[in-house]
Amino acid sequence: MQMRLHERYGPIVRVGPDRLSYIDSNAWKDIQGHRADGHGSFEKDPSLMAKQVHSDIIRADNSTHSRQRRIFSHAFSDKALKEQESLIRGYVDLLISKMREESGSDGHICTNPPTVDMVRMYNFTTFDIMADLTFGEPLGMLKGGEYVPWVSNIFGSVKYMVLGSFLRVYPFFGRVAAAFIPNSLLEKKKKHDQFAIERVDRRLEYDMDRGDIWSLVQRSADLDNISRGEMYANAQVFMIAGTETTATLLSGLTYLLCQNPDKMNKLVREIRSLACQQELNITNLQRLPYLNACLEEGLRLYPPAPVIAPRVAPLGGATVCGRFVPEGTSVGVAQYAAYRSAYNFADPSEFVPERWLSSPPERYASDKREVLRPFSYGPRNCLGKNLAYHELRLILASLLWTFEVSLEQSTSNWLDQKTYGIWEKQPLYVKLRVREE
21 MQMRLHERYG
31 PIVRVGPDRL
41 SYIDSNAWKD
51 IQGHRADGHG
61 SFEKDPSLMA
71 KQVHSDIIRA
81 DNSTHSRQRR
91 IFSHAFSDKA
101 LKEQESLIRG
111 YVDLLISKMR
121 EESGSDGHIC
131 TNPPTVDMVR
141 MYNFTTFDIM
151 ADLTFGEPLG
161 MLKGGEYVPW
171 VSNIFGSVKY
181 MVLGSFLRVY
191 PFFGRVAAAF
201 IPNSLLEKKK
211 KHDQFAIERV
221 DRRLEYDMDR
231 GDIWSLVQRS
241 ADLDNISRGE
251 MYANAQVFMI
261 AGTETTATLL
271 SGLTYLLCQN
281 PDKMNKLVRE
291 IRSLACQQEL
301 NITNLQRLPY
311 LNACLEEGLR
321 LYPPAPVIAP
331 RVAPLGGATV
341 CGRFVPEGTS
351 VGVAQYAAYR
361 SAYNFADPSE
371 FVPERWLSSP
381 PERYASDKRE
391 VLRPFSYGPR
401 NCLGKNLAYH
411 ELRLILASLL
421 WTFEVSLEQS
431 TSNWLDQKTY
441 GIWEKQPLYV
451 KLRVREE
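Going letter by letter, the sequence shown gives residues 21 to 457 in my numbering.
This is the structure we're talking about:
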């Protein structure tokens, strides 16, 4: 819908009585950039958020966000990521081992391998990693080969929150929003919240320094500035924001690469140009230009959170993209529409990683690449951005180092999906063959 509206009416569209949607890259800076002293900041739109007893880093007001960010930033620093690499690497190695088993190619080349659902395997991996980083213990999904109840509750919790936000936008529906949301989703949210509380309590009982999030938070000089309730709230967020979104991009990018074998072959050649599998590490992989270009193009065509994250214009109003916006107006960048618009990109629906190279082909040299902000922008951008990129590189590179990957024939039009803030994905079936040396 938003794509069609912007195609018809241009880069700024009024989508409600006091709501504006943008696809111009300047909107990011004007709405979410650092504001000069004396200029009020755009706060998160409260009409989309349920009241919280304890604020988390995503839904908090700007001052609370800043306080919490100082505390949690230690856990996502470059130094922390180096400490966490061996933990992440262990789960990536386990993923590859399990995929060898699932594909029937454990230790030998299989000429007719069975199919493997990559959505499932990627979810198992990212949830196991984040649970270990957040609580000091894995969920065991990679080892067990099954979703644990908590993860099923997380998916329901996200849908509950998104449906609630949508209904709260409209005053009439806001009064009866609960009647429109299945009780089962509310129960899943409650269970997700309780699981996180129990895990935080259990982790904090143990005096261990293992480089996970809570070890690093406990080292912080600002530890006294965060309550136990805020720890609970943020643990609940980490288990959503740091898991499903990463698995989503991996799933979408795997599909796009399989649909574009010339791009797949180019990426495989770059990854396998490394001398040995031990060279698949954080430092080496972030230097591979085509791998990074593929990640950016995957984020453009299949952003894990494709919806608007609206802000409210401050007291006295503000200027966005050269036009005055009255105070109280809800504004935001329509990411999916912006990323697939000819206003910003040549061949906007095509998978062209080359557009992200330092010297792109002439046809793509004028692309407005700065509009791509899948991890948000400004002082409230995603704290876990670097962790996400490291996971993405390690998992994808390890997969393509080890296997030849192709889509199962019945997997078509996989990107045609509904979204509830995050994509509602169907299984992504692929065939995996161990590479021939």
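C-beta atoms are modelled at their ideal positions from N, C-alpha and C, and glycine is treated no differently.
Tell me, to the nearest whole angstrom, how far the beta carbon of V425 is from that of L452; I am working on the premise that it is less than 8 Å.
As a working note, residue 425 is residue 405 in the sequence shown. As a working note, residue 452 is residue 432 in the sequence shown. That pair is a contact at about 6 Å.
Would you check if the distance between the CB atom of S418 and the CB atom of V112 is smaller than 8 Å?
On the sequence shown, residue 418 is found 398 positions in, with the first residue counted as 1. On the sequence shown, residue 112 is found 92 positions in, with the first residue counted as 1. Yes, the pair counts as a contact, with Cβ atoms nearer than the cut-off.
Is DSSP giving D227 helix, strand or coil here?
Looking up residue 227 in the sequence shown gives position 207. Residue state, collapsed to three classes: coil.
So, is H54 buried or exposed, given that buried needs 16 or more other C-beta atoms within 10 angstroms?
Here residue 54 corresponds to residue number 34 of the sequence shown, with the count starting at 1. Exposed, since its Cβ has fewer than 16 Cβ neighbours within 10 Å.
Name the two residues that bound the continuous alpha helix (DSSP H) containing L419.
Taking the sequence shown and counting its residues from 1, one reaches residue 419 at position 399. Where L419 is concerned, the enclosing alpha helix (DSSP H) stretches over 405-422.
Counting only runs that start and end within the segment 22-101, where is the beta strand (DSSP E) found for 3 or more residues in a row?
You should have 32-36, 39-42.
Pick helix, strand or coil for K438, following the three-state DSSP scheme.
Within the sequence shown, residue 438 is the residue found at index 418, counting from 1. DSSP places K438 in strand when its eight states are reduced to three.
For A408, I'd like the list of residues in its chain whose CB is within less than 7 Å of its CB, leaving aside the five on either flank, ordered along the chain.
As a working mapping, residue 408 is identified with position 388 in the sequence shown. Around A408: T266.
Between V168 and P158, what straight-line distance do the alpha-carbon atoms span, to the nearest angstrom?
The residue labelled residue 168 in the question sits at position 148 within the sequence shown. The residue labelled residue 158 in the question sits at position 138 within the sequence shown. Cα to Cα, V168 sits roughly 11 Å from P158.
Consult DSSP for K208 and reduce its assignment to one of helix, strand or coil.
Mapped onto the sequence shown, residue 208 falls at position 188. If DSSP states are grouped into helix, strand and coil, K208 belongs with the helices.
Using 10 angstroms around the beta-carbon of C314, count the other beta-carbons present and answer buried if the total reaches 16, otherwise exposed.
For the purposes of this step, residue 314 is identified with residue 294 of the sequence shown, where counting begins at 1. It counts as buried.
Which two residues bound the contiguous beta strand (DSSP E) that contains L452?
Walking along the sequence shown from the start, residue 452 turns up at place 432. Residues 449-454.
For S117, tell me which candidate among W421, N433, I442 has the shortest Cα-Cα distance.
Sequence index remark: in the sequence shown, residue 117 carries index 97 (1-based). For S117, the nearest C-alpha among the options comes from W421.
Note the first and the last residue of the continuous alpha helix (DSSP H) segment covering G249.
The residue labelled residue 249 in the question sits at position 229 within the sequence shown. Per DSSP, G249 belongs to the alpha helix (DSSP H) from 248-261.
By the three-class DSSP mapping on this structure, what secondary structure does F371 have?
Your numbering for residue 371 matches position 351 in the sequence shown. It is coil, neither helix nor strand.
Who are the near neighbours of D44 in its chain, counting only those whose CB is closer than 6 Å to its CB and skipping five residues on each side?
Looking up residue 44 in the sequence shown gives position 24. Correct list, in chain order: P31, C341.
With a CB to CB cut of under 7 Å and the five nearest residues on each side skipped, what residues in its chain are close to F144?
Within the sequence shown, the letter at position 124 stands for residue 144. The answer, listed in chain order, is M161, L162.
Please state the DSSP three-state secondary structure of G160.
In the sequence shown, counting from the first residue as 1, residue 160 sits at position 140. If DSSP states are grouped into helix, strand and coil, G160 belongs with coil.
Is it buried or exposed, Y29, if we count other Cβ atoms within 10 angstroms and call 16 or more buried?
Translated into the one-based positions of the sequence shown, residue 29 becomes position 9. Exposed is the call here.
So does the segment 347-357 actually touch the segment 321-335, counting three or more Cβ pairs closer than 8 Å?
Short answer: they touch.
Where does L427 fall in DSSP's three states?
On the sequence shown, position 407 is the one that residue 427 refers to. Strand, per DSSP.
Quick one: what does DSSP say V136 is sitting in, helix, strand or coil?
Counting from 1 along the sequence shown, the entry for residue 136 is found at position 116. Residue state, collapsed to three classes: strand.
Is it the case that the Cβ atoms of R222 and A255 are separated by a distance below 8 Å?
What you label residue 222 is simply residue 202 of the sequence shown in a count that begins at 1. What you label residue 255 is simply residue 235 of the sequence shown in a count that begins at 1. For R222 and A255, no; Cβs fall outside 8 Å.
Whose CA, out of A354, K99, E370, lies closest to the CA of L321?
Here residue 321 corresponds to residue number 301 of the sequence shown, with the count starting at 1. Nearest C-alpha to L321: E370.
Whole angstroms are fine: how far does the CA of Q306 sit from the CA of S293?
The residue you call residue 293 lines up with position 273 of the sequence shown. The residue you call residue 306 lines up with position 286 of the sequence shown. Going by the C-alpha atoms only, they are around 14 Å apart.
Is it a yes or a no for the segment 393-412 touching the segment 79-90, going by three-plus beta-carbon pairs under 8 Å?
With the cut-off at 8 Å, the segment 393-412 and the segment 79-90 touch.
In whole angstroms, what separates the C-alpha of R24 from that of V372?
Counting from one through the sequence shown, the residue named residue 24 turns up at place 4. Counting from one through the sequence shown, the residue named residue 372 turns up at place 352. Taking the straight line joining both Cα atoms gives about 22 Å.
Report the three-state DSSP secondary structure of S350 (helix, strand or coil).
The sequence position of residue 350 within the sequence shown is 330, counting from 1. The answer is strand: DSSP assigns S350 an E or B state.
If we call anything under 8 Å between Cβ atoms a contact, is E105 one with I302?
Stepping through the sequence shown from its first residue, residue 105 is reached at position 85. Stepping through the sequence shown from its first residue, residue 302 is reached at position 282. Closer than 8 Å, so yes.
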